[in-house]
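Q: Numbering of the sequence shown is given in our numbering, commencing with residue 18 and proceeding in unit increments.
Glycine residues also receive a C-beta, built at the ideal position from the N, C-alpha and C atoms.
A quick note: this is a predicted structure, and the numbers were derived from the prediction, not measured.
A single structure is presented below for examination.
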Amino acid sequence: MDSICTIRSLSQDDWNMYRALRLKALEESPEAFLTTLTEAQNRPEREWRERLTSLDPKWDLPLIAWVGEIPAGMAWGYVTRDRKGEGQLLQMWVDPRFRGRGIGAGLVRRVVDWARSLGLLSLSLGVSETQPEARRLYERCGFRSAGNAEQQPPGSGHRITLMSLALHPGDTRDN
Ligand SMILES: CC(C)(COP(=O)(O)OP(=O)(O)OC[C@H]1O[C@@H](n2cnc3c(N)ncnc32)[C@H](O)[C@@H]1OP(=O)(O)O)[C@@H](O)C(=O)NCCC(=O)NCCS
């Protein structure tokens with residue numbers, strides 16, 4: 018990863034910056050996410066605040082990658098509440114100005130390390146067929162396809178492939 022890039026987790030006070038970056042991601046890469054820009058823009062301020070104020074580090078890891086003082090990318094690690102031992106990698110996005118420098122791979126690694134530290138058994142994600150560079154990145158980080166692409170939501174024409182990474186507690190190798 019680029020030496021001037023640092024990855025930090027978000028604190029409760031960062032909700033405004035999180036909102037700005039998430040809206041930027043949805044505007045720049047609308048096909049990469051199930052949430053639409055309009056949905057996110059219509060979300061009341063209270064909900065954006067609550068996303069961060071209600072955080073429990075045992076369940077959520079919201080990350081921002083900084084290039085100097087610029088928030089250049091984001092990702093969110095999430096423990097699936099109703100499936101024991103499973104986590105998800107969500108909201109991955111890197112500002113186009115900073116792509117191809119390993120920032121995406123750095124964000125994935127941070128979420129994988131966090132999931133391992135919690136003793137999770139697997140991490141999963143959904144990647145749209147419109148995002149081959151994201152899929153390649155996940156494959157390079159050890160994720161494998163966990164089924165055929167499916168329309169999400171059904172009938173939308175938006176085809177998503179589920180990918181999964183098996184984690185082995187205590188194994189600290191780089192995937
Ligand atoms: C997917 C994404 C997060 C990757 O971020 P990144 O910081 O570019 O990731 P990395 O630098 O670690 O790896 C990117 C790959 O693209 C290559 N690349 C080189 N220059 C690039 C550029 N200007 N733009 C994009 N990719 C480039 C990298 O070498 C690497 O290739 P490889 O996987 O074949 O080795 C980023 O492309 C993105 O935000 N895409 C739009 C949103 C998206 O698809 N999110 C995923 C939702 S599931």
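My understanding is that Leu184 touches Leu140, with C-beta atoms under 8 Å, so please give their C-beta distance in whole angstroms.
A: The Cβ separation is near 6 Å, so the contact holds.
Q: For a test of your reading of the model: does the CB of Ile120 fall under 8 Å from any non-hydrogen atom of ligand 1? Yes or no.
A: Yes, ligand 1 has a heavy atom inside 8 Å of this Cβ.
Q: Less than 8 Å separating the Cβ of Ser46 from some heavy atom of ligand 1?
A: At least one heavy atom of ligand 1 is nearer than 8 Å to the Cβ of Ser46, so yes.
Q: Apart from the five residues just before and just after Leu137, which ones in its own chain have a Cβ nearer than 6 Å to its Cβ?
A: Correct list, in chain order: Gly102, Gly104, Leu184.
Q: With C-beta atoms as the reference, is Leu142 less than 9 Å away from Phe160?
A: Going by C-beta atoms, Leu142 is nearer than 9 Å to Phe160.
Q: How close, in whole Å, do the beta carbons of Gly94 and Leu72 come, if the pair is a contact with beta carbons under 8 Å?
A: Not quite, the Cβ-Cβ distance comes to about 11 Å (not below 8 Å), so this is no contact.
Q: Just to check my reading of the structure: Asp112 and Gly90 have Cβ atoms closer than 8 Å, yes? What is that Cβ distance to the nearest angstrom?
A: That belief holds up - the Cβ atoms of Asp112 and Gly90 are roughly 6 Å apart, short of 8 Å.
Q: For Ser134, write down the residues that DSSP places opposite it in a beta bridge.
A: Ser134 is not bridged to any residue.
Q: Out of Arg176, Ser46, Gln58, Val128, which one is the CA nearest neighbour of Arg25?
A: When each option's Cα is compared against that of Arg25, the closest is Val128.
Q: Taking only the alpha-carbon atoms, compute the straight-line gap between Leu54 and Ala37 and give it to the nearest angstrom.
A: Near 11 Å, if we compare the C-alpha coordinates of Ala37 and Leu54.
Q: May I ask whether a heavy atom of ligand 1 can be found less than 8 Å away from the beta carbon of Val129?
A: Flag unset: Cβ of Val129 not near ligand 1.
Q: Just mark Gln108 as buried or exposed, buried being the case when its beta carbon has 16 or more other beta carbons within 10 Å.
A: Result: buried.
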